[in-house]
Amino acid sequence: MFDAIVVGARCAGAPTAMLLAHAGYRVLMVDRADFPSDTLSTHLIHQPGVAALARWGLLDRIRDSGCPPLNNAIYEVADVRLEGCARGVEGQRAGYAPRRTVLDAILVDGAVEAGVEFRDKCSVTDLLRDEAGRVVGVVGRYRGVPFTERAHLVIGADGMHSKVAALCDAPFTVHRPRLTCAYYAYWHDVPADLELYEAPSSWVAAVPTNDRATLVLTYFPQSRFDEVRTTNTYHAYLEQVRTTAPALHERLQGKVLAERLRGTGDQQNFFRRSHGPGWALVGDAGHHKDSITARGISDAFFQAECLVRQVSGRLGGDPGLLDAALEAYEQERDAALTPGFQATLAAAQLQQHEQRLELLRAVQTDPDLKAIYFDIVAGIEPISALYVPKLLALL
Ligand SMILES: Cc1cc2nc3c(=O)[nH]c(=O)nc-3n(C[C@H](O)[C@H](O)[C@H](O)COP(=O)(O)OP(=O)(O)OC[C@H]3O[C@@H](n4cnc5c(N)ncnc54)[C@H](O)[C@@H]3O)c2cc1C
166 MFDAIVVGAR CAGAPTAMLL AHAGYRVLMV DRADFPSDTL STHLIHQPGV AALARWGLLD
226 RIRDSGCPPL NNAIYEVADV RLEGCARGVE GQRAGYAPRR TVLDAILVDG AVEAGVEFRD
286 KCSVTDLLRD EAGRVVGVVG RYRGVPFTER AHLVIGADGM HSKVAALCDA PFTVHRPRLT
346 CAYYAYWHDV PADLELYEAP SSWVAAVPTN DRATLVLTYF PQSRFDEVRT TNTYHAYLEQ
406 VRTTAPALHE RLQGKVLAER LRGTGDQQNF FRRSHGPGWA LVGDAGHHKD SITARGISDA
466 FFQAECLVRQ VSGRLGGDPG LLDAALEAYE QERDAALTPG FQATLAAAQL QQHEQRLELL
526 RAVQTDPDLK AIYFDIVAGI EPISALYVPK LLALL
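Note that my numbering has the sequence shown beginning at 166, numbered continuously upward.
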């Protein structure tokens, strides 16, 4: 009997399992993937996520992997150019973009070192329930062999297409249409800062990562997904870079892709009910949004900390108290992540508004306002934080 079984061992699952183990619980974490392994995702971690890694004692491992700190950001849109650094959070002013093979392995190691029992190549196919319908365990296959395990709480950290959510009939509480599709690739020896470029119907970014590689990513409107996917995708990707970020395109000349181009149009936007009797969801399983604002990893870390704080002291005791703690988790999650969700939906429209450009022109003239703006990009502050007297005077 475990206190908790965590299904999924990446950005949401591994920290959840690790923090539960730190709280003294007996935890099983399973993942159907073979670790370490890559996954479809770019991997810019904004400062709130970096601060979480520092709190967990894992940030030095990211640095030691050779992943460069991203402490100079450049953002260009129309005639506006902002360059600077966020004020940051908990002393963390830089973002990092470790390859998922690096990040996910560090997170799994952190969980295992905390005492979590980890099984990879282990797929959950069904849930165990008691006579009242409460979830009390999982059924699946571990390296091809059927298994059953029981726990007070089963946590689905199994991604956007969550099996746990499906088995629990977890309904969407908020569901919005897809807005973009994304394509990305790694380039060797292309020097870059953290660079963000915006144009009507387009978004391009350059993000330095491990092994002296630079991730170059492009966003298109969802309405172009079929065309971009089925015609010459590489040409469409490069054209998007050329027209939106000509100076970056220039730096790509004569360079070769380090790996194949990857992309997705499955940019869903939703909140799901995050809990029920004996089960909970963290990370993309319970809440997913367009990746354009690069918030998924930091938000998965936040949910891990939030869930563990709420359920600590409640596992293995009165089930009614556990259920109340899970309800408090959902309320805290929704309150904390809804502003970022709305900001993401606004960015994913890929539209330029003259009023916003005017605001940015004013921000451009002042280093303090630029630092606040980069805090907003990182999800540290809401957009309202910009409206300080200095900005109002400039406007
Ligand atoms: C194109 C793209 C770009 C992105 N860029 C960024 C970015 O720059 N910055 C950022 O912060 N976020 C980004 N994101 C979002 C980020 O990748 C996700 O929010 C984050 O990975 C969610 O982590 P997770 O642990 O919830 O889910 P996942 O990473 O999806 O992990 C789920 C795990 O569950 C396992 N699993 C699933 N079903 C089962 C089962 N039945 N049994 C056992 N195991 C199972 C899977 O094998 C998987 O390992 C991007 C996403 C995409 C698609």
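Ideal placement from N, C-alpha and C gives every residue a C-beta, glycine not left out.
Since the model is a prediction, treat every value here as computed from it, not as a measurement.
### Message
Going by C-alpha to C-alpha distance, which of A370, P342, E363 and G481 sits closest to V355?
### Response
Counting from one through the sequence shown, the residue named residue 355 turns up at place 190. Of A370, P342, E363 and G481, the residue nearest in Cα terms is A370.
### Query
What first and last residue would you give for the alpha helix (DSSP H) that runs through F466?
Within the sequence shown, numbered from 1, the residue matching residue 466 stands at position 301. Residues G461 to V476.
### Message
Restricting to Cα atoms, I'd like to know which of G189, K555, H518 and Q387 is closest to S477.
### Response
Here residue 477 is taken as the residue at index 312 of the sequence shown, counted from 1. It is G189.
### Query
Would the C-beta of Y349 count as close to ligand 1, meaning under 8 Å from any of its heavy atoms?
Reading the sequence shown from its first residue, position 184 is the one you call residue 349. Y349: yes, Cβ under 8 Å from ligand 1.
### Option nearest H208 by Cα separation, candidates Q529, A558, R315 and A350
Numbered from its first residue, the sequence shown carries residue 208 at position 43. Per the Cα distances, A350.
### Query
Hey, would you say the C-beta of L209 is under 8 Å away from at least one heavy atom of ligand 1?
Locating residue 209 in the sequence shown gives position 44, counting from the first residue. Yes, since a heavy atom of ligand 1 falls inside the 8 Å radius drawn around the Cβ of L209.
### Query
Any idea if Q288 is buried or exposed, counting beta-carbon neighbours within 10 angstroms, 16 or more meaning buried?
Here residue 288 refers to the residue found at position 123 when the sequence shown is read from its first residue. The question names Gln, yet the displayed sequence has Ser at residue 288. So S288 ends up on the buried side.
#### Entry: Close beta carbons around I239, own chain, < 6 Å, minus the five adjacent residues each side
Counted from its first residue, the sequence shown places residue 239 at position 74. E248, D358 and E360.
#### Entry: Rounded straight-line distance, which links the Cα of T313 to that of D376
Counting from 1 along the sequence shown, the entry for residue 376 is found at position 211. Counting from 1 along the sequence shown, the entry for residue 313 is found at position 148. In a straight line, the C-alpha of D376 is about 41 Å away from that of T313.
### S367 - DSSP class collapsed to helix/strand/coil
Taking the first residue of the sequence shown as 1, we reach residue 367 at position 202. It is a strand residue.
#### Entry: Start-end ranges of the beta strand (DSSP E) lying completely within the region 240-306, minimum 3 residues
245-249, 282-285 and 287-294
### Message
Any heavy atom of ligand 1 closer than 8 Å to the beta-carbon of H440?
### Response
Against the sequence shown, residue 440 aligns to sequence position 275. Not so, every heavy atom of ligand 1 lies at least 8 Å from the Cβ.
### Query
Quick one: Cα of L422 to Cα of A512, how far?
As a first step, residue 422 must be located in the sequence shown, where it is residue number 257. As a first step, residue 512 must be located in the sequence shown, where it is residue number 347. Straight-line Cα distance between these residues: approximately 28 Å.
### Message
Suppose the cutoff is 6 Å on Cβ atoms and the five residues either side in sequence are ignored; what does the same chain contact list for A182 look like?
### Response
Your numbering for residue 182 matches position 17 in the sequence shown. Closer than 6 Å at the Cβ level, and outside the excluded window around A182, lie V171, V192, M194, A276 and V281.
### Query
When burial is assigned at 16 or more other CB atoms within 10 Å of the CB, is V553 buried or exposed?
Position 388 of the sequence shown holds residue 553. V553 comes out exposed.
### Task
Report yes if the C-beta of G275 is less than 8 Å from at least one heavy atom of ligand 1; otherwise report no.
Residue numbering aside, residue 275 sits at position 110 when the sequence shown is read from its first letter. Result no, Cβ not under 8 Å from ligand 1.
### Message
A198 and D291 - do their beta-carbons sit closer together than 9 Å?
### Response
By 1-based counting over the sequence shown, the position of residue 291 is 126. By 1-based counting over the sequence shown, the position of residue 198 is 33. No, the pair does not count as a contact, with Cβ atoms beyond the cut-off.
### Message
Tell me which residue opens and which closes the alpha helix (DSSP H) that V528 is part of.
### Response
Taking the sequence shown and counting its residues from 1, the one referred to as residue 528 is at position 363. It spans E519 to Q529 - the alpha helix (DSSP H) in which V528 sits, taken as one unbroken run.
### Query
So the beta strand (DSSP E) I170 belongs to, where does it begin and stop?
Counted from its first residue, the sequence shown places residue 170 at position 5. It spans F167 to V172 - the beta strand (DSSP E) in which I170 sits, taken as one unbroken run.
### Message
Looking at F466: is its Cβ nearer than 9 Å to the Cβ of P180?
### Response
On the sequence shown, position 301 is the one that residue 466 refers to. On the sequence shown, position 15 is the one that residue 180 refers to. Yes, they are a contact pair.
### Task
Please classify H518: is it buried, with 16 or more other beta-carbons within 10 angstroms of its beta-carbon, or exposed?
Taking the first residue of the sequence shown as 1, we reach residue 518 at position 353. Exposed, by the Cβ-count rule.
### Message
Between M325 and ligand 1, is there a pair consisting of the residue's CB and a ligand heavy atom that are separated by less than 8 Å?
### Response
Taking the first residue of the sequence shown as position 1, residue 325 is located at position 160. The answer is yes for M325.
### Query
With DSSP run on the structure shown, which of helix, strand or coil describes M325?
Start at 1 with the first residue of the sequence shown, and residue 325 comes out as number 160. Coil at M325, not helix or strand.
### Query
Is the beta carbon of D449 sitting closer than 9 Å to the one on G305?
Position 284 of the sequence shown, counting from 1, holds the residue named residue 449. Position 140 of the sequence shown, counting from 1, holds the residue named residue 305. Taking 9 Å as the Cβ cut-off, D449 and G305 do not qualify as a contacting pair.
### Query
Does the region 383-399 touch the region 421-437, meaning 3 or more C-beta pairs lie closer than 8 Å?
yes
### DSSP state of A179 mapped onto helix, strand, coil
What you label residue 179 is simply residue 14 of the sequence shown in a count that begins at 1. If DSSP states are grouped into helix, strand and coil, A179 belongs with the helices.
### Boundaries (first-last residue) of the beta strand (DSSP E) holding A217
Translated into the one-based positions of the sequence shown, residue 217 becomes position 52. Counting along the chain, A217 falls outside any beta strand (DSSP E), though it belongs to the alpha helix (DSSP H) covering Q212 to R220.
#### Entry: Distance cut-off 8 Å: S366 Cβ against heavy atoms of ligand 1
As a working mapping, residue 366 is identified with position 201 in the sequence shown. Because no heavy atom of ligand 1 lies under 8 Å away, the Cβ of S366 does not count as near it: no.
### Query
Going by the CB atoms, is the gap between G461 and H453 shorter than 9 Å?
The residue labelled residue 453 in the question sits at position 288 within the sequence shown. The residue labelled residue 461 in the question sits at position 296 within the sequence shown. Cβ atoms of H453 and G461: closer than 9 Å.
### Message
By the DSSP assignment, the beta strand (DSSP E) with D455 in it spans what residues?
### Response
Start at 1 with the first residue of the sequence shown, and residue 455 comes out as number 290. First-last for D455: undefined, no H or E at that position.
### Query
Quick check: the region 531-549 against the region 468-477, are there 3 or more CB pairs under 8 Å?
no
### Query
Quick one: does the C-beta of Q432 sit closer than 8 Å to a heavy atom of ligand 1?
Locating residue 432 in the sequence shown gives position 267, where the first residue counts as 1. Yes - ligand 1 has a heavy atom lying nearer than 8 Å to the Cβ of Q432.
### Query
Just to check, is the beta-carbon of C471 closer than 8 Å to a non-hydrogen atom of ligand 1?
Counting from 1 along the sequence shown, the entry for residue 471 is found at position 306. No, ligand 1 has no heavy atom inside 8 Å of this Cβ.
### Task
Give a yes or no on whether the C-beta atoms belonging to A141 and I271 are separated by under 9 Å.
Because the chain is modelled from 166 through 560, residue 141 falls outside the range shown and cannot be assessed.
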